[in-house]
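Below is one structure; the comments refer to it alone.
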Amino acid sequence: MSEISCQFWHFYWLDFFLLGVIDTTDQAVRAAQRIIELFRDDRARIEKPGRAAASALRLRHAFQEKAVLSIPGAAKSVDLSQPTIAGALAHLAKLGIVRETTGRKRRKLYVYDAYLRILSEGAEPIR
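Every letter in the sequence shown is one number past the one before it in our numbering, and letter 55, counting from 1, is 55.
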């Protein structure tokens, strides 16, 4: 292969790689902006007058660190009692911020749906 041909392929692959880096960076920036907006909007919804606001805000912060939580796991994260966590989860679920995923009476798992959706965008398997 001639030197000119090698240089062409070198620049071709370098260009391809850098375009991939730029595209990935753009996606990450857009996702970060959407996450910041989501957190701000959800905080505003929780802060509207209501008795569960303080506990719900603490719990929402725990969901920002881990998008899927159980009641015992959340209780450890935010240092609140399990009944208080259950009430705050009900408040967040009523607002549409979290969703119970198991359908069980015990050992329920709750997910911060919109946050998890943003985090998983672009990670879907190719079909």
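Heads up, the beta-carbon is just placed ideally off N, CA and C, and yes, glycines get one too.
query, result
"Nearest CA to the CA of L109: which residue from K48, A86, F8?", "A86"
"So who's on the other strand from Y110, going by DSSP bridges?", "L69, E100"
"My output table needs one value for K94: the three-state DSSP class, helix, strand or coil.", "helix"
"From L80 to A53, what does the alpha carbon distance come to, in whole angstroms?", "14 Å"
"Is the Cβ-Cβ distance between A44 and A62 less than 9 Å?", "no"
"Which same chain residues, not among the five before or five after P72, have their C-beta less than 8 Å away from its C-beta?", "Q82"
"Name the residue from G20, D15, L92, T25 whose alpha carbon lies nearest to the alpha carbon of A114.", "L92"
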